[in-house]
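Contents: one structure, followed by commentary.
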Amino acid sequence: MAAPTDPRDAARAHAEARAHDDARSHDGVDPQDGADPRDDLGLSVPLGPHPPRRVVSLVPSLTEAVAVTAPGLLVGATDWCSHPADLAVTRIGGTKNPDLPGILALGPDLVIANDEENRRPDLDSLRAAGVPVWVTDIRTLDDGLRSLHRLLTVACQLPRPAWLDEAEAAWRDLPPGHGPADGPRVIVPIWRRPWMVLGRDTFAGDLLHRLGLRLVHARHPDRYPAVPLPELLAEQPDLVVLPDEPYRFTAEDGPEAFPGIPAALVSGRHLTWYGPSLTTAPAVLRLAIDHPFVQGRESTP
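Per the working numbering, the very first residue in the sequence shown carries number 896; after that it's consecutive.
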């Protein structure tokens, strides 16, 4: 295998190679005395001698996770950070176009981000300005639970919240359902014009797999492939799952493109967010999947 050419990829490869090292502590801090902790990419994060007290979040799900765990810790969040509903912090633009001068003006002692949601040049600019940046990297439910634990207890230096234990239990104690070999074949659009769907190696895909669904594009080379609608229809899926984000699919916008195919209209927050929503996600998603929408009326399997 060729060596990674991006330094961030090299850091990730280095972190994965060290994952089996029993000398590394459970909370992700390097065993060397005085060493800075490392984020999910294996990058050292210079947090300093005191717990963070001014945190800016660039990811809606991480915003909710921190705000629910430690109200008042966040001083800034993106325009898309909609939960908790009463969140009152300075808004600093979008996940892909954050207001970097605005973030620096808040004087954060920690910025939290995600490798998929945020642009690396933006994070590099914040680091160059002397701001510690903690990056999460989440592709599965297990990744999410581990990453949330480390983000909250190591990066933010908070006690482990009860909701995280509840989330683990909710997914661990799923009732029996379809096995991976006989579950419904599903297509999961995340955008239209052009149509894009869930492919391989995604957090949302892992949640659906755990609920007994078989993603038609789970082995596609791309994680979010663009697939023309005629090709999607040719797959003859048993179910199409339509979340309300990032594209806002509704009963009037989405199901009509898949005539005769049941459409589960699901909460994007419960399908794609890693945070407190994980505590209720199994029940919320199961309800939508078991009561799909067909040609303008509800239907039960």
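Built from N, CA and C at the ideal position, the CB exists for glycine as well.
Same chain, Cβ closer than 7 Å to residue i, neighbours up to 5 away in sequence not counted
i     : result
A1183 : A1159, L1160, V1161
Y1142 : I1085, W1086, R1087
D1077 : none
A914  : Only weak support exists for where A914 lies, its pLDDT of 38 falling under 50; the coordinates are left without a value.
D922  : Here the model assigns D922 a pLDDT of 45, short of 50, so the residue's position is not dependable and the matter cannot be decided.
V984  : L969, V970, G971, A972
R1095 : A1113, R1114, H1115, R1118
Per-residue burial, residue i [other beta carbons within 10 Å of its own, 16 or more giving buried]
i     : result
E959  : buried
S952  : buried
R992  : It should be noted that the sequence gives Asn, not Arg, for residue 992. Exposed: under 16 other Cβ atoms inside 10 Å.
D1060 : exposed
L1069 : exposed
T973  : buried
A965  : buried
P1054 : exposed
A1050 : buried
D935  : buried
D1148 : exposed
G967  : exposed
A930  : exposed
P1187 : buried
R1114 : exposed
G1025 : exposed
R1067 : exposed
P1079 : buried
A980  : exposed
A1178 : exposed
P1150 : buried
8 Å Cβ cutoff met for residue i and residue j
i     : j     : result
L1001 : G971  : yes
T1097 : R1034 : yes
L1173 : A1062 : yes
V1083 : A1099 : yes
G1199 : E1140 : Look at the range of the chain in this structure, 896 to 1196, and you will see that residue 1199 is not part of it.
L1128 : L1110 : no
L982  : L1102 : no
V1030 : D1004 : no
V1081 : D1032 : no
V950  : V961  : yes
R1105 : L1043 : no
Paired residues, beta bridge with residue i - DSSP
i     : result
L1137 : L1160
I1114 : It should be pointed out that residue 1114 corresponds to Arg in this sequence rather than to Ile. Paired residues: none, contrary to the question.
T1145 : D1148
G971  : V951, T985
P1084 : V1092
V1179 : Per DSSP, none; premise fails for V1179.
N1009 : T1031
A1062 : Answer is none; A1062 lacks a bridge partner.
A1121 : M1091
R933  : S939
P993  : G988
Residues of its chain near residue i, where Cβ-Cβ distance is below 8 Å and the 5 sequence neighbours each way are ignored
i     : result
L1021 : L995, I998, L999, V1006, V1028
P1125 : none
T1175 : A1065, H1165
P1089 : A1121, P1123
G1039 : I1033, F1098, Y1169, L1173
M1091 : P1084, I1085, Y1119, P1120, A1121, V1122
R948  : L968, D1004
Spatial neighbours of residue i in its chain, beta-carbon cut-off 6 Å, leaving aside the 5 residues before and after
i     : result
E1012 : V954, T990
F1153 : V1135
L1166 : A1099, P1138
L942  : P1027
F1144 : L1137
P1056 : T964
A986  : Checking the sequence, you will find Arg at residue 986 rather than Ala. Hits under 6 Å: D974.
P946  : Q1052
H1073 : Bear in mind that a pLDDT of 49 at H1073, under 50, signals an unreliable position, so the model cannot answer this.
A1023 : none
V1189 : P1157
V924  : Only weak support exists for where V924 lies, its pLDDT of 44 falling under 50; the coordinates are left without a value.
C976  : P955, T958
H978  : E959
beta-carbon residue i near the ligand PLP non-hydrogen atom, thresh 7 Å
i     : result
D1010 : Absent from the structure shown: the ligand PLP. Ligands present: none.
C-beta neighbour in chain D for residue i, strict 8 Å
i     : result
R1067 : Chain labels in this structure do not include chain D; a single protein chain is all it has.
Three or more C-beta pairs below 8 Å linking the segment 1166-1181 and the segment 1111-1121: Output reads no: the segment 1111-1121 does not touch the segment 1166-1181.
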